[in-house]
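Colleague:
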Amino acid sequence: MSAATGEIIGPESPDWKPPPRGTREHARLNLGFFAMIIGMFMAILDIQIVASSIAEIQAGVSASAEEVAWIQTSYLIAEVIGIPLSGLLTRAFGMRLLFVSSALAFIVASALCALAWSLESLIVFRCLQGFFGAAMIPTTMAAAFGLFGAQRSILQQVMVGMVATLAPSIGPTLGGWVSENSSWHWLFLINIVPGLISAWLVWTHIPRSTLRINLLRRIDVLGLAAMALFLGSFEWVFEEGPAAGWFEDQHLVMWMTVCAFAGGVFFWRSLTQDHPVVNLGLFADRNFALSAFMVTIIGLGLYGTVYLMPLFLGQVRGLNAMQIGFVMSIGGLGMFLGGPLAGILIRRVDPRYVMAAGALLTTIGLYWNHFLTSESDFQELFWPQLLRGAGIIMAMVPANFLALGTLAPDQLPNASGLVTVCRNLGGAIGLAALNTMRLHFNNLHTQELAAGLDPARPEVQAYIAAAEQRLQQLGDPNPQATALAELAQRVQLESAVMTYGNLFYVMAVCFFIVLLMVPLLQKPRPRPAPAAAH
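For the sequence shown, position 149 matches number 148 in numbering that gives the first Met the number 0, and the numbering has no gaps at all.
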């Protein structure tokens, strides 16, 4: 407690001093922070955990394929609205109270999702789940720096980076296993016990802070409404854009207009108000702005590969869910190896070098995927996935360090929320762009391959003749029609392989751009320690 003001000196205060290592207080902080990591893991995991179980949920709530997609979209929209608010709420309620309230509300919303009786009720409860869980993500990121200090929090930063990259990767695999061995209701019920443990440990092991409820009285209501409308419509437009044909859909164009107008109001209020909902002035800091942009591209690589690789393995290689999960686990292995390595290197060398190494490994892994074929097996997939997994975590950890490591404690909640939003929006924009390019490249390659299949060509005639002879020996009643169908199927398969190669190449180029931007970052300098309170 400050002797001058009588206020409790919490982790958000410039006067906060982390306890010395080896003390009981430091051990308590570590246990409390680990509990926060559990909550952050649940919030990020629940974005993707329903991805493999959409069919079961669709049958359970009697929804169409188009309607059931809102189960995932509603969570994303609510989360991306809730995350930027965490900065203001942390300053008002403190890190401990906000996290515990968010965790308990997330648990209640998860239970309601499991008890949902219709599609409409499930969508509403998923919105609540995403909104309430949103605060746990940036609060945990801010806690890594606020509780331990920027120069002493490398282990905590590695844990945050591993959760942020690993949770989306294992979400579909874990969700598929849960729904296969029980029912889709357990996708939400599994949050209850770890959520309660997390909330209890945070409440008992994280220091409390002085409440500043008066901050909520001067909240910019117009700016808040504009932000919610802007981010919500932005996420929805990029989710629905590829399937709707973008400007070909009048309903989508209307929401694009709403998004642009709300975005203009939000930026105007944020840049002109004395107490904006989100302080965009942080982007005036060179390191923060560049790191936020890099995190956006990392979001593209993270969510893009989690989306594309299962599609490739299922559509081209014909693997089942468990086999796909086994291949995807290679990327998780790379993250487990790359995370501690990044933590060790940041302690010893300039974090910009670690960032460059991570971007380079990711670029190599994604570019290697560019050469995949329709016959690529585990051996061909192992090293690209391992390099990509290790590279993404080695890029994520120093990116967070460079973005947040030299900011004042009272700026951390707002800054961590902005970084999280950048990563999520990078994923949303990236998935929409990849989906749009996938449709374009697939049509382009199908036309190119079909143009080369002139029936007059000797090679085509020889292929059809050999196929007819094989099918005739197998007793096919119409070998000619079946041979032509097989040829058309082969065209679709090869065009898909070429399309995925193009998309991995595009993502490799994006990470190469990150590599080129690293020299623009300034070497972080630790802020001077605050003077002791008197």
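Where is the CB? At the ideal position from N, CA and C, for every residue including glycine.
(1) Determine, using beta-carbon pairs with one atom in the stretch 234-246 and one in the stretch 160-177, whether at least three such pairs fall under 8 Å.
(2) Are the stretch 122-129 and the stretch 384-401 in contact at 8 Å, needing three or more beta carbon pairs?
(3) By the DSSP assignment, the alpha helix (DSSP H) with P193 in it spans what residues?
(4) Quick one, are the C-beta atoms of T498 and C421 less than 7 Å apart?
(5) Spatial neighbours of H250 within its chain, please: C-beta separation below 8 Å, excluding the five flanking residues on both sides.
(6) What residue ranges within the stretch 404-460 form continuous alpha helix (DSSP H) runs of no fewer than 4 residues, ordered along the chain?
(7) For V79, does the count of other Cβ atoms within 10 angstroms reach 16, so buried, or fall short, so exposed?
(8) Considering only C-alpha positions, which residue in the set F32, G313 and Q322 is nearest to L154?
(9) Measuring CB to CB, does A261 end up less than 7 Å from F282?
(10) What three-state label does DSSP hand D576 in the structure shown?
(11) Output needed for S494: all residues of its chain with C-beta closer than 7 Å, excluding positions within five of it in sequence on either side, in chain order.
(12) Flag this pair as yes or no: are the beta carbons of L118 and A62 separated by less than 7 Å?
(13) Flag this pair as yes or no: are the beta carbons of V459 and L470 separated by less than 7 Å?
(14) Give the range of the alpha helix (DSSP H) segment to which P478 is assigned.
(15) What beta strand (DSSP E) runs, 3 residues minimum, are completely inside the stretch 311-351?
(16) Is the Cβ-Cβ distance between S109 and A134 less than 7 Å?
(17) State the Cα-Cα distance for the pair F266 and V277, rounded to the nearest angstrom.
(18) Is it a yes or a no for the stretch 322-335 touching the stretch 372-386, going by three-plus beta-carbon pairs under 8 Å?
(19) Could you tell me which of Y462, G317 and A291 sits nearest to L486, measuring between CA atoms?
(20) For R387, which residues from the same chain have a beta carbon less than 8 Å from its beta carbon, with the 5 sequence-adjacent residues on both sides left out?
(21) Could you check which residue in F105, A91 and Q479 has the C-alpha nearest to that of I212?
(22) Suppose you measure from the CA of I338 to the CA of S168; what does that come to, to the nearest Å?
(23) Do the stretch 337-351 and the stretch 185-195 touch if we need at least three Cβ pairs shorter than 8 Å?
(24) Enumerated in chain order, which unbroken segments of the alpha helix (DSSP H) with a length of 4 residues or greater are wholly contained in the stretch 128-166?
(25) What residue does the alpha helix (DSSP H) around V79 start on, and which one ends it?
(26) Given that a residue counts as buried once 16 or more other Cβ atoms are within 10 Å of its Cβ, and exposed if not, what is H533?
(27) What's the C-alpha gap between A530 and Q47?
(28) Give me the residue from I122, V99, P193 and V123 with the minimum Cα distance to M547.
(29) Taking all protein chains shown into account, do 16 or more other C-beta atoms lie within 10 angstroms of the C-beta of V508, making it buried, or fewer, making it exposed?
(30) Expressed to the nearest angstrom, what Euclidean distance is found between the alpha-carbon atoms of T481 and A450?
(31) Once you ignore the five residues that flank N434 on each side, which residues in its own chain have a CB closer than 6 Å to its CB?
(32) Are A142 and Q156 closer than 7 Å when you measure CB to CB?
(33) From G145 to R20, what does the alpha carbon distance come to, in whole angstroms?
(34) What is the DSSP secondary structure of G303, reduced to helix, strand or coil?
(35) Hey, out of N29, G298 and T139, whose CA is closest to A431's CA?
(36) Buried or exposed: where does S373 fall if 16 or more other Cβ atoms within 10 Å of its Cβ makes it buried?
Modeller: In short, the structure shows the following:
(1) In short, these stretches do not touch, since the Cβ pair count stays below three.
(2) By the criterion of at least three beta-carbon pairs nearer than 8 Å, the stretch 122-129 is not in contact with the stretch 384-401.
(3) For the purposes of this step, residue 193 is identified with residue 194 of the sequence shown, where counting begins at 1. Annotation: the continuous alpha helix (DSSP H) that includes P193 extends over I191 to H204.
(4) Translated into the one-based positions of the sequence shown, residue 498 becomes position 499. Translated into the one-based positions of the sequence shown, residue 421 becomes position 422. If you check the CB distance, T498 and C421 do not come in under 7 Å.
(5) As a position in the sequence shown, residue 250 is number 251, starting the count at 1. Excluding its 5 nearest sequence neighbours in each direction, H250 has C-beta neighbours in its own chain below 8 Å: A243, listed in chain order.
(6) For the stretch 404-460, whole alpha helix (DSSP H) runs of length 4 or above, ordered along the chain, are 411-450.
(7) Here residue 79 corresponds to residue number 80 of the sequence shown, with the count starting at 1. Counting Cβ neighbours within 10 Å, V79 comes out buried, since at least 16 surround it.
(8) Mapped onto the sequence shown, residue 154 falls at position 155. When C-alpha distances from L154 are compared across F32, G313 and Q322, the shortest belongs to F32.
(9) By one-based count along the sequence shown, residue 261 stands at place 262. By one-based count along the sequence shown, residue 282 stands at place 283. For A261 and F282, no; Cβs fall outside 7 Å.
(10) Because the chain in this structure spans residues 0 to 533, residue 576 falls outside the shown range and cannot be described.
(11) The residue labelled residue 494 in the question sits at position 495 within the sequence shown. Leaving aside the five residues that flank S494 on each side, the residues in its chain whose CB is nearer than 7 Å to its CB run, in chain order, N441, H444, T445 and L448.
(12) The residue labelled residue 118 in the question sits at position 119 within the sequence shown. The residue labelled residue 62 in the question sits at position 63 within the sequence shown. Contact: yes.
(13) For the purposes of this step, residue 459 is taken as the residue at position 460 of the sequence shown. For the purposes of this step, residue 470 is taken as the residue at position 471 of the sequence shown. No, the Cβ-Cβ distance between V459 and L470 is not below 7 Å.
(14) Taking the sequence shown and counting its residues from 1, the one referred to as residue 478 is at position 479. Where P478 is concerned, the enclosing alpha helix (DSSP H) starts and stops at P478 to M516.
(15) List check, beta strand (DSSP E) in window: nothing returned.
(16) Here residue 109 refers to the residue found at position 110 when the sequence shown is read from its first residue. Here residue 134 refers to the residue found at position 135 when the sequence shown is read from its first residue. No, the Cβ-Cβ distance between S109 and A134 is not below 7 Å.
(17) Mapped onto the sequence shown, residue 266 falls at position 267. Mapped onto the sequence shown, residue 277 falls at position 278. Pairing F266 with V277, the inter-Cα distance amounts to about 9 Å.
(18) With the cut-off at 8 Å, the stretch 322-335 and the stretch 372-386 touch.
(19) Residue 486 sits at position 487 when you count from the first residue of the sequence shown. Of Y462, G317 and A291, the residue nearest in Cα terms is Y462.
(20) Counting from one through the sequence shown, the residue named residue 387 turns up at place 388. The beta carbon of R387 sits closer than 8 Å to those of G300, T304, G330, G333, L360, T361, G364, L365 and N368, all from its chain and outside the five residues before and after it, given in chain order.
(21) Against the sequence shown, residue 212 aligns to sequence position 213. By alpha-carbon distance to I212, the top candidate from F105, A91 and Q479 is A91.
(22) As a first step, residue 338 must be located in the sequence shown, where it is residue number 339. As a first step, residue 168 must be located in the sequence shown, where it is residue number 169. The question names Ile, yet the displayed sequence has Gly at residue 338. Computed Cα separation, rounded: 15 Å.
(23) Output reads no: the stretch 185-195 does not touch the stretch 337-351.
(24) Contiguous alpha helix (DSSP H) elements confined to the stretch 128-166 occur at 135-145, taking only those with 4 or more residues.
(25) As a working mapping, residue 79 is identified with position 80 in the sequence shown. Run containing V79: W69 to F92, per the alpha helix (DSSP H) assignment.
(26) Counting from 1 along the sequence shown, the entry for residue 533 is found at position 534. With a pLDDT of 36 at H533, under the threshold of 50, the modelled position of that residue is not reliable, and no figure is offered here.
(27) Your numbering for residue 530 matches position 531 in the sequence shown. Your numbering for residue 47 matches position 48 in the sequence shown. Unreliable positioning characterises A530 in this predicted model, as indicated by a pLDDT of 42, which lies under 50. The coordinate reading is nonetheless provided below. Rounded to whole angstroms, A530 to Q47 spans 45 Å at the Cα level.
(28) For residue 547 there is no data in the structure shown, the boundaries of the chain being 0 and 533.
(29) If you number the sequence shown from 1, residue 508 lands on position 509. It counts as exposed.
(30) Working through the sequence shown from its first residue, we reach residue 481 at position 482. Working through the sequence shown from its first residue, we reach residue 450 at position 451. Distance between the alpha carbons of T481 and A450 is about 20 Å.
(31) Residue mapping note: residue 434 aligns to position 435 of the sequence shown, counting from 1. Excluding residues within five positions, the ones whose Cβ falls inside 6 Å are P241.
(32) In the sequence shown, the residue the question calls residue 142 occupies position 143. In the sequence shown, the residue the question calls residue 156 occupies position 157. Not in contact: A142 and Q156 (Cβ atoms no closer than 7 Å).
(33) Your numbering for residue 145 matches position 146 in the sequence shown. Your numbering for residue 20 matches position 21 in the sequence shown. Here the alpha carbons of R20 and G145 stand approximately 15 Å from one another.
(34) The residue you call residue 303 lines up with position 304 of the sequence shown. It is helical.
(35) By 1-based counting over the sequence shown, the position of residue 431 is 432. Checking every option, the nearest Cα to that of A431 belongs to G298.
(36) Your numbering for residue 373 matches position 374 in the sequence shown. S373 should be labelled exposed.
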